[in-house]
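This report concerns only the one structure given below.
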Amino acid sequence: MTTVAGDPTLPACKVVYASTVAEGILEEVKVSMERLGRAPLLVGFLANADPAARMYASWTGKTCLQNGVRFELREVDRDDLEEKIIAANMDDAVGGIIVYYPVFGSSQDAYLQQITSKEKDVEGLSHAYLFNMYQNIRFLDPEKLQKSILPCTPLAIVKILEHISVYNSILPYGNRLFGKTVTVVNRSEIVGRPLAALLANDGANVYSVDINNVQYFTRGAGIRKRQHQVHGTELKLEDVVPKSDVVITGVPSKEYKFPVGLLKDGAICVNFSSEKNFGPEVKEKASIYVPAIGKVTIVILLRNLVRVVENRERRKAAADKESL
């Protein structure tokens, strides 16, 4: 058991709640909103009966209302969703678009993600943004005025890790996770794989675990060290968890419980699943435990909204300048 020095009866685990992390990011969003000078409109499309998706939509609406962002939830039949997204792309009144997945399933949902205009994609799931993320390219333009958009949930987890000082701010960008070993139990295209790439691009050694195998993400060797590399392994969960400084889980199942006995003492544990992947005994091994991240994810959504609006304005200003 991890205990407080001098008192072996008191667990040393600190529980960090998403609301605490979200507050700091919200201040940044408010400053950006003031700079923008108006309340942008975020349109959310709900085309399923998934309770988690509806809850996410509800949280989005409340957070928008509390922070001066206009939000409009449009509930549509899934067969009409493609047409509705295209219409929103063309509507100048719409500042950003979010679709609450899943709708059809992996392949068709991936198609819908590419229909959403890059200029309004607040989720960071369009091809241009994903390409930049995996290539570790942080801007959309050579002048580095338009920031690329990162997927909300992976970025929310990064911000949480920054908040609890897993990132070493003394080191330069791209190296702030140097020496850290992270296990991510989820390799979905929406969260797990992008997260592993982001962490590896920041210098961590990352084990990406799914039901089939364990992959090893590293930043890559050489002078440039620009983008991560992925290596296949014969390793299993029990091989990688005991040497991990951070364990992040996102298994969408009520039945799943992470085997906390594998954790090394003092590990940091983060759960991004809507289910409780860790049992209460995690506090006997972990030094820091983050039980949920939803509130941070929604604040990142607002941050991305402001950025896509600012990017559009900068593109327009650049185009106007060229036409003179």
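Residue numbers -6 to 317, in the working numbering, belong to the letters of the sequence shown in order.
Every residue, glycine too, gets a C-beta built ideally from N, C-alpha and C.
On a predicted model such as this, the values are computed, not experimentally measured, just so you know.
Query, Result
"Reduced DSSP secondary structure (H/G/I, E/B, other) of residue 216", "For residue 216, the predicted model reports a pLDDT of 42, less than 50, meaning its position is unreliable and no value from the coordinates is stated."
"Assigned secondary structure, residue 68 (DSSP; H/G/I helix, E/B strand, else coil)", "strand"
"Residue 127, DSSP secondary structure in three states", "helix"
"Within 8 Å, strictly: CB atoms of residue 176 and residue 237", "yes"
"Residue 275 versus residue 44 - alpha carbon distance", "27 Å"
"The region 199 to 211 in contact with the region 226 to 233 per 3-pair CB rule at 8 Å", "yes"
"Top-ranked residue by Cα proximity to residue 221, from 239, 201, 234, 240", "201"
"Pick from 14, 42, 55 that is closest to residue 71, judged by C-alpha positions", "42"
"Whole-Å CB distance - residue 113 paired with residue 89, under 8 Å assumed", "5 Å"
"Separation of residue 143 from residue 132, as counted between CA atoms", "11 Å"
"Secondary structure of residue 91, DSSP reduced to three states", "strand"
"DSSP three-state assignment for residue 222, whether helix, strand or coil", "strand"
"Residue 253 classed as buried or exposed, judged by whether at least 16 other C-beta atoms fall within 10 angstroms", "buried"
"Residue -2 in three-state terms, based on DSSP", "At residue -2, the pLDDT of 48 sits below 50, so the modelled position is not reliable and the matter cannot be decided from this model."
"DSSP three-state assignment for residue 290, whether helix, strand or coil", "helix"
"C-beta contact flag for residue 74 and residue 50 at 8 Å", "no"
"Straight-line Cα distance separating residue 189 from residue 203", "12 Å"
"Close-in-space but distant-in-sequence residues of the same chain around residue 255 (CB under 8 Å, 5 per side omitted)", "230, 231, 234, 235"
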